[in-house]
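Each number in this note's numbering corresponds to the 1-based position in the sequence shown with 550 added. By construction, the Cβ of each residue, glycine as well, lies at the ideal position given by its N, Cα and C atoms. The structure presented is a predicted model; accordingly, all values stated were derived computationally and were not measured. Below is one structure, written out as structure tokens; comments come after it.
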Amino acid sequence: SHCKVFYLISPIVADTHDEAVAKRDRWFNDPQYVEYMLAEISAITEIDFKQFDLDEPVPEVWTNGERGSLEAFLSGGKDKTLRE
């Protein structure tokens, strides 16, 4: 028997789909959301993203941490700031 753990999934659980969407929207609009997500990607990639300006493009970075997650994170936000 095997158990697979997916660390990058953050399920939103509610009684109905509409409640889950509302919960997600509240979460995404929370000012703490950006800090939370930066802490998550920092832990996974071993790069302290808090050292970078939230309103500047992400500089080129390298890690000995989880490279696949770093590449996905950076490619999804190409030419965007950390806040975006």
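Is residue i buried or exposed, if buried means 16 or more other CB atoms sit within 10 Å of its CB?
i: I597; result: buried
i: F623; result: buried
I'd like to know whether the C-beta atoms of residue i and residue j end up nearer to each other than 7 angstroms.
i: E621; j: T595; result: no
i: T631; j: D605; result: yes
i: I559; j: A570; result: no
Whose CA, out of the options, lies closest to the CA of residue i?
i: K600; options: E610, M587, S551; result: M587
i: S619; options: S592, I562, R633, Q582; result: S592
i: D629; options: F578, V608, N614; result: V608
Return helix, strand or coil for residue i, following the three-state DSSP convention.
i: T595; result: helix
i: D568; result: helix
Residues bridged to residue i by DSSP?
i: T631; result: P607
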